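First the structure, in the form of structure tokens, and then the observations on it.
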Amino acid sequence: MRVLLADRFQMVSHVETKELSGYALLPAKSGFKLKPVEPKDNTSNSTVNDRATFDHATLAVFAEGMCDVVDRPVVDETGIAGVYDIKLRWSPDDREEKGPSLFTAMQEQLGLRLEARKVPAKLVIIDKAEKPIED
Numbered sequence: 001m002r003v004l005l006a007d008r009f010q011m012v013s014h015v016e017t018k019e020l021s022g023y024a025l026l027p028a029k030s031g032f033k034l035k036p037v038e039p040k041d042n043t044s045n046s047t048v049n050d051r052a053t054f055d056h057a058t059l060a061v062f063a064e065g066m067c068d069v070v071d072r073p074v075v076d077e078t079g080i081a082g083v084y085d086i087k088l089r090w091s092p093d094d095r096e097e098k099g100p101s102l103f104t105a106m107q108e109q110l111g112l113r114l115e116a117r118k119v120p121a122k123l124v125i126i127d128k129a130e131k132p133i134e135d
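Residues 1 to 135 in my numbering are what the sequence shown spells out, letter by letter.
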């Protein structure tokens, strides 16, 4: 995508790592509950409304996928290696029927927790962009 933007808008950018408010993914005190699966070439991830499904994913991939759900960077700091089928279901705050919050569901269903802290996040910094050139 950056190549396309650079070509069309003469955009110049670079990547920086900065400390931002986010979450560290850590093992819960109750203990990690997932069982490893055999790695496969094809993986799939999905986060929709009140559920997340990650097939054959590392915890780093799961953490990255949860960024969209919590709207902040999430970094895997579990120290747990391996590949897992991860299924998580929670109740969004705006639902009438109440189930577990995302944070409670993560601890109860996966044995993981999110801890608020400053975490490193990669940011794309746009140094220059111009009006698009004619085709």
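Cβ atoms here follow ideal geometry from the backbone N, Cα and C, with glycine treated the same way.
No experiment lies behind these values; they were computed from the predicted model shown.
Separation of Thr17 from Leu112, as counted between CA atoms: 25 angstroms
Would you list the one or two residues that DSSP bridges to Ala116? Answer is Tyr23, bridged to Ala116.
In angstroms with no decimal places, state the Cα-to-Cα distance between Leu34 and Asp93. 26 angstroms
Among Ala129, Gly65 and Lys29, the one whose alpha carbon lies nearest that of Glu108: Lys29
Could you tell me if Leu110 is buried or exposed, where buried requires 16 or more neighbouring beta carbons within 10 angstroms of its beta carbon? buried
Please list the terminal residues of the continuous beta strand (DSSP E) segment that includes Val74. Val74 to Asp76
Going by C-alpha distance, which of Val12, Asp76, Pro36 and Val48 is nearest Trp90? Val48
In chain order, what residues of the same chain have a beta carbon less than 6 angstroms from the beta carbon of Leu59, not counting five sequence neighbours either side? Asp76, Thr78 and Ile80
Are the CB atoms of Ala52 and Arg117 within a distance shorter than 8 angstroms? no
Beta-carbon separation of Ala105 and Leu88 under 8 angstroms? The answer is yes: Cβ separation under 8 angstroms.
Could you tell me the alpha carbon to alpha carbon distance between Ala129 and Ala6, rounded to whole angstroms? 8 angstroms
Straight-line CA distance for Glu115 to Leu26? 7 angstroms
Are the CB atoms of Glu38 and Pro120 nearer to each other than 8 angstroms? no
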